[in-house]
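A.B. asks: Take this structure, written in structure tokens, and hold onto it; I'll ask about it next.
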Amino acid sequence: MKNYLEIALNHQQRLLPLVIIAVFLITSKIGFVNSKYVVLFGITFKILLFLFALFVPGFFFLKLIKKDYFDNNTAFLLAAPTSITLFSVIFIVLQIFKSPPLWYFMFNIGVTILIISLAYKSKITKEILYIDNTLKYGFILIVIGAVMATSYIAVNTDNPTQEVNTWTIPANRGFRHLPSDNGLQYDTAMVFANYRQPWSWGPNDWTMGDRPPLLGVVNATIALSLATPAALLFNLKPIVYPFWYYEIIGIVLNLLFILPLTFLAKKVFNNEKAIYFVPLAVLLNGFIFLNIYFTWPKLLATYFALLSMAFLFSRRISVINIFITGWLWALAALSHGGAILSLPVLLVFYSIYLLRKIKLTLYLKYLMIFMTALVIFQSPWTTYKKMHPAIDTVKLYYFYIPTEFWPQESLSFASKNTMTAMMTFLQAYPLEKQLSVRWENLKQVITQNAISDTINAVMSGNWKTYHDGLYLTEFHYPITAIGEVQILLSIAILVSYLLIYILKRQRLSLPFNMKLMGLAIAFVLMSYLFNILIKWLPSHNHEMPYLELIIAIAIFAGISFSVKYIMMFSLGMIGIRFGYYLIYSSIQHNYHIVDFFNVVVIISVILVIYLANQFCQQDKRE
Numbered sequence: 007m008k009n010y011l012e013i014a015l016n017h018q019q020r021l022l023p024l025v026i027i028a029v030f031l032i033t034s035k036i037g038f039v040n041s042k043y044v045v046l047f048g049i050t051f052k053i054l055l056f057l058f059a060l061f062v063p064g065f066f067f068l069k070l071i072k073k074d075y076f077d078n079n080t081a082f083l084l085a086a087p088t089s090i091t092l093f094s095v096i097f098i099v100l101q102i103f104k105s106p107p108l109w110y111f112m113f114n115i116g117v118t119i120l121i122i123s124l125a126y127k128s129k130i131t132k133e134i135l136y137i138d139n140t141l142k143y144g145f146i147l148i149v150i151g152a153v154m155a156t157s158y159i160a161v162n163t164d165n166p167t168q169e170v171n172t173w174t175i176p177a178n179r180g181f182r183h184l185p186s187d188n189g190l191q192y193d194t195a196m197v198f199a200n201y202r203q204p205w206s207w208g209p210n211d212w213t214m215g216d217r218p219p220l221l222g223v224v225n226a227t228i229a230l231s232l233a234t235p236a237a238l239l240f241n242l243k244p245i246v247y248p249f250w251y252y253e254i255i256g257i258v259l260n261l262l263f264i265l266p267l268t269f270l271a272k273k274v275f276n277n278e279k280a281i282y283f284v285p286l287a288v289l290l291n292g293f294i295f296l297n298i299y300f301t302w303p304k305l306l307a308t309y310f311a312l313l314s315m316a317f318l319f320s321r322r323i324s325v326i327n328i329f330i331t332g333w334l335w336a337l338a339a340l341s342h343g344g345a346i347l348s349l350p351v352l353l354v355f356y357s358i359y360l361l362r363k364i365k366l367t368l369y370l371k372y373l374m375i376f377m378t379a380l381v382i383f384q385s386p387w388t389t390y391k392k393m394h395p396a397i398d399t400v401k402l403y404y405f406y407i408p409t410e411f412w413p414q415e416s417l418s419f420a421s422k423n424t425m426t427a428m429m430t431f432l433q434a435y436p437l438e439k440q441l442s443v444r445w446e447n448l449k450q451v452i453t454q455n456a457i458s459d460t461i462n463a464v465m466s467g468n469w470k471t472y473h474d475g476l477y478l479t480e481f482h483y484p485i486t487a488i489g490e491v492q493i494l495l496s497i498a499i500l501v502s503y504l505l506i507y508i509l510k511r512q513r514l515s516l517p518f519n520m521k522l523m524g525l526a527i528a529f530v531l532m533s534y535l536f537n538i539l540i541k542w543l544p545s546h547n548h549e550m551p552y553l554e555l556i557i558a559i560a561i562f563a564g565i566s567f568s569v570k571y572i573m574m575f576s577l578g579m580i581g582i583r584f585g586y587y588l589i590y591s592s593i594q595h596n597y598h599i600v601d602f603f604n605v606v607v608i609i610s611v612i613l614v615i616y617l618a619n620q621f622c623q624q625d626k627r628e
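In this note's numbering, the protein residues as written are 7 to 628.
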């Protein structure tokens with residue numbers, strides 16, 4: 007006891023603020039039954055508890071099975087997908103036997119305790135703390151970002167657990183009302199949790215099979231494992247699961263992409279400011295922030311895709327590494343089907359990368375391993391859809407072939423009609439006519455981004471007009487979402503470096519890896535071009551794959567952060583855009599600007615800026 011007191015006295019300056027906060031929370035709970043401080047504490051606690059379940063079992067599992075192969079950084083990067091896969095396997099087995107909730111509770115808690123116990127016996131429990139600073143920062147940014155997004159949804163509520171009870175509240179929180187896509191996985195979770203038949207909106211409309219189920223599986227696992235005591239003991243139905251919990255889980259999962267992003271930022275950028283402020287710039291992007299709290303799992307899919315890139319390009323080529331890459335892409339596809347849209351062009355880049363290092367025969371072997379992993383981990387969902395043929399549809403083909411060629415079925419495109427519709431389509435639209443339509447789509451994407459409007463607004467000072475129309479344009483057009491200011495600044499910086507090189511005729515010491523930068527930009531441009539040209543309908547930003555968008559935002563923000571004073575201007579513009587989004591989305595709904603939870607968002611932004619600076623200073627000292 008004496009030792010603990012000595013430690014406390016030695017660290018009193020650090021502990022005192024924590025004691026004050028603890029006393030403040032306790033007294034606020036006593037004084038006010040519905041204290042918003044307590045609500046905020048509850049939000050933070052739930053976020054941390056879920057992150058514990060995501061990272062701790064997976065990290066220790068990897069270290070236990072192959073400690074020497076998975077160093078601490080790699081194990082931490084792969085911890086969340088490992089935990090998700092591990093608990094999903096348990097979930098699938100228990101679903102097959104239609105097990106009661108108590109079994110989910112016992113197996114999931116039991117496996118977690120077993121893994122931690124084995125890690126403790128193997129004396130590896132402390133290793134989770136010894137990871138790279140960029141990963142620590144990324145994890146902290148996930149926590150604070152989750153508090154920001156949940157607080158944003160909680161604005162104008164006293165008890166969000168009760169009041170945020172339907173998909174419409176997050177969907178309508180911004181400037182425009184969004185569709186119900188953010189609630190579809192909640193319905194999927196309730197299907198699994200209560201052993202119901204798959205949901206469907208009708209014979210000619212969307213079904214459960216049109217949206218991959220991973221977010222629903224995660225929520226169903228939590229709903230069953232943490233059911234009420236009556237449900238656990240007596241198997242009472244239906245399982246009740248607050249939508250607010252689903253919202254928090256979705257927000258945390260949609261923020262996981264920050265972890266591989268920070269890892270990759272360190273590979274691409276050579277200065278600390280860019281490494282730590284690039285993930286922050288992505289978080290504060292208005293379109294990305296919307297996609298975090300609007301819990302369709304597009305950013306979750308991006309997380310797995312981005313993680314596969316971080317993993318493969320930082321490891322030696324081997325059978326197990328290629329298999330892990332295929333596994334991560336399977337999880338991406340199980341999160342959101344849009345992830346697959348990034349794979350064709352990325353596979354070309356993977357292939358070029360591999361063929362430079364290995365022979366063709368070995369490359370084909372690795373390609374088969376990749377595809378095998380992709381198929382294996384997709385197979386449970388494929389099997390489920392085959393068992394329920396009513397939801398085994400191909401509705402999303404309407405993006406690529408006009409709906410008029412689908413026989414008399416509105417949006418319900420049964421697989422048996424696919425070939426008939428495609429042949430009819432090809433006869434009506436020969437190649438020349440197709441190219442004409444698709445070329446017009448490409449021109450529309452380029453011309454309607456209206457980058458000149460940004461220049462006029464910034465130079466004339468007419469920022470209000472620009473910001474008033476910003477929300478709609480960034481929802482539809484990639485260049486606006488990426489950030490026109492950052493693109494223009496980046497072009498100016500790159501041209502300046504080129505001119506210096508031409509004039510001095512000597513190699514420059516650039517603040518970024520030009521080779522990786524060029525590859526990233528080439529991938530983004532090629533993939534956007536590919537996806538725009540293969541689509542029949544005009545390409546809108548929210549319908550495009552998000553991997554390219556995240557990479558583009560990070561690259562152009564990072565370049566604009568490579569020059570000290572330019573960075574201040576660029577970061578300031580990002581802050582203004584986010585501040586506008588925060589304030590005017592509240593004004594539009596007649597919410598008070600200084601609502602408690604709005605203030606939490608603002609304080610969180612200030613906190614992450616402070617932390618980014620602290621990590622920069624720490625890296626410089628080291």
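Quick reminder that beta carbons are idealized off the backbone N, C-alpha and C, glycines included. Since we're looking at a predicted model, the values are computed, not measured.
Shortest alpha-carbon distance to ARG627 belongs to which of LEU68, LYS273, THR268, GLU278?
C.D. replies: Of LEU68, LYS273, THR268, GLU278, the residue nearest in Cα terms is GLU278.
A.B. asks: Between the alpha carbons of VAL451 and ALA487, how many angstroms are there, rounded?
C.D. replies: Their Cα atoms are separated by approximately 12 Å.
A.B. asks: Tell me the DSSP secondary structure of SER41 in three-state form.
C.D. replies: Of the three classes helix, strand and coil, the one that applies to SER41 here is coil, per DSSP.
A.B. asks: Excluding the five sequence neighbours on either side, which residues of its own chain have a C-beta within less than 6 Å of the C-beta of TYR507, listed in chain order?
C.D. replies: Counting only Cβ-Cβ distances below 6 Å, and skipping sequence neighbours, we find LEU514.
A.B. asks: Pull up the distance between the alpha-carbon of LEU55 and that of LEU509, whole angstroms please.
C.D. replies: Taking the straight line joining both Cα atoms gives about 57 Å.
A.B. asks: What does the alpha-carbon distance come out to for the pair GLU415 and GLN191?
C.D. replies: Any reading at GLU415 is ruled out, since the residue's pLDDT is 47, under 50, leaving its predicted position unreliable.
A.B. asks: Applying the 10 Å Cβ sphere with the 16-neighbour rule, what's the burial state of ALA427?
C.D. replies: By the 10 Å Cβ count, ALA427 comes out buried.
A.B. asks: Based on the DSSP output, what are the partners of PHE518 in its beta bridges?
C.D. replies: Paired residue(s): PHE275.
A.B. asks: With C-beta atoms as the reference, is PHE263 less than 9 Å away from LEU305?
C.D. replies: Yes. Within cutoff.
A.B. asks: Under 9 Å, do LEU352 and ALA307 count as touching if we go by C-beta distance?
C.D. replies: Going by C-beta atoms, LEU352 is not nearer than 9 Å to ALA307.
A.B. asks: Here's the rule: buried if 16 or more other CB atoms are within 10 angstroms of the residue's CB, otherwise exposed. What is PHE562?
C.D. replies: Buried, since its Cβ has 16 or more Cβ neighbours within 10 Å.
A.B. asks: Among the residues of its own chain, which have a CB less than 6 Å from the CB of ALA233, if the five just before and after it don't count?
C.D. replies: Here the set comprises PRO107, ILE245.
A.B. asks: Identify whether THR213 lies in helix, strand or coil by the three-state DSSP scheme.
C.D. replies: Three-state DSSP puts THR213 in a strand.
A.B. asks: Going by C-alpha to C-alpha distance, which of LEU368, VAL491, VAL284, GLY256 sits closest to PRO266?
C.D. replies: Ranking LEU368, VAL491, VAL284, GLY256 by Cα distance to PRO266 puts VAL284 first.
A.B. asks: Rounding to the nearest angstrom, what Cα-Cα distance links ALA560 and LEU531 in this structure?
C.D. replies: Roughly 14 Å between the two C-alpha positions.
A.B. asks: Please go through the stretch 541 to 628 and give each complete beta strand (DSSP E) segment of 3 or more residues, from N-terminal end onward.
C.D. replies: Fully enclosed beta strand (DSSP E) runs of 3 or longer: not present.
A.B. asks: Report, in whole angstroms, the separation of the C-beta atoms of SER592 and ILE599, which I expect to be a contact under 8 Å.
C.D. replies: Yes, they are in contact, since the Cβ atoms of SER592 and ILE599 sit about 6 Å apart, within 8 Å.
A.B. asks: Among LEU296, LEU290, SER320, whose alpha-carbon lies nearest the alpha-carbon of PHE269?
C.D. replies: Per the Cα distances, SER320.
A.B. asks: Round the Cβ separation of TYR282 and ALA618 to the nearest angstrom and send it over; I've been treating them as touching at under 8 Å.
C.D. replies: So it is a contact: roughly 4 Å between Cβ atoms.
A.B. asks: In whole angstroms, what separates the C-alpha of ALA177 from that of LYS142?
C.D. replies: So the alpha carbons of these two residues sit roughly 31 Å apart.
A.B. asks: When DSSP builds the beta bridges, which residues end up paired with SER206?
C.D. replies: Answer is THR213.
A.B. asks: With the cut-off set at 9 Å, would you say ARG179 and TYR299 are in Cβ contact?
C.D. replies: Cβ atoms of ARG179 and TYR299: closer than 9 Å.
A.B. asks: Can you tell me where the alpha helix (DSSP H) with LYS439 in it begins and where it stops?
C.D. replies: 437 to 453 is the extent of the alpha helix (DSSP H) around LYS439.
A.B. asks: Which class does TYR483 belong to by DSSP, given the choice of helix, strand or coil?
C.D. replies: Coil, per DSSP.
A.B. asks: Counting C-beta neighbours from all protein chains within 10 Å, is the total for GLN492 16 or more, i.e. buried, or is it exposed?
C.D. replies: That one is buried.
A.B. asks: Over what stretch of residues does the alpha helix (DSSP H) that includes LYS127 continue unbroken?
C.D. replies: Per DSSP, LYS127 belongs to the alpha helix (DSSP H) from 107 to 127.
A.B. asks: Among LEU70, VAL62, VAL95, SER94, which one has its Cα closest to the Cα of LEU83?
C.D. replies: Measuring from the Cα of LEU83, the nearest candidate turns out to be VAL62.
A.B. asks: So, helix, strand or coil for GLY222, using DSSP?
C.D. replies: Three-state DSSP puts GLY222 in a helix.
A.B. asks: Report whether the distance from the Cβ of PHE293 to the nearest heavy atom of the ligand HEM is below 8 Å.
C.D. replies: Absent from the structure shown: the ligand HEM. Ligands present: none.
A.B. asks: Count the other C-beta atoms from every protein chain shown that fall within 10 angstroms of the C-beta of LYS212, then say buried if there are 16 or more, exposed otherwise.
C.D. replies: The residue you asked about is not Lys; residue 212 is Trp in the sequence shown. Buried, because 16 or more other Cβ atoms sit within 10 Å of the Cβ of TRP212.
A.B. asks: From what residue to what residue does the alpha helix (DSSP H) around SER357 run?
C.D. replies: 349 to 361 is the span of the alpha helix (DSSP H), which, as asked, contains SER357.
A.B. asks: Going by C-alpha to C-alpha distance, which of TYR477, PHE275, PHE66 sits closest to GLN594?
C.D. replies: When only C-alpha atoms are compared, the closest one is TYR477.
A.B. asks: Specify the secondary structure class of ASP193 as computed by DSSP and reduced to three states.
C.D. replies: It is helical.
A.B. asks: Within 10 Å of its beta-carbon, does GLU490 have 16 or more other beta-carbons around it, so buried, or fewer, so exposed?
C.D. replies: Buried, because 16 or more other Cβ atoms sit within 10 Å of the Cβ of GLU490.
A.B. asks: Between the C-alpha atoms of THR389 and GLY343, what's the straight-line distance to the nearest angstrom?
C.D. replies: Taking the straight line joining both Cα atoms gives about 17 Å.
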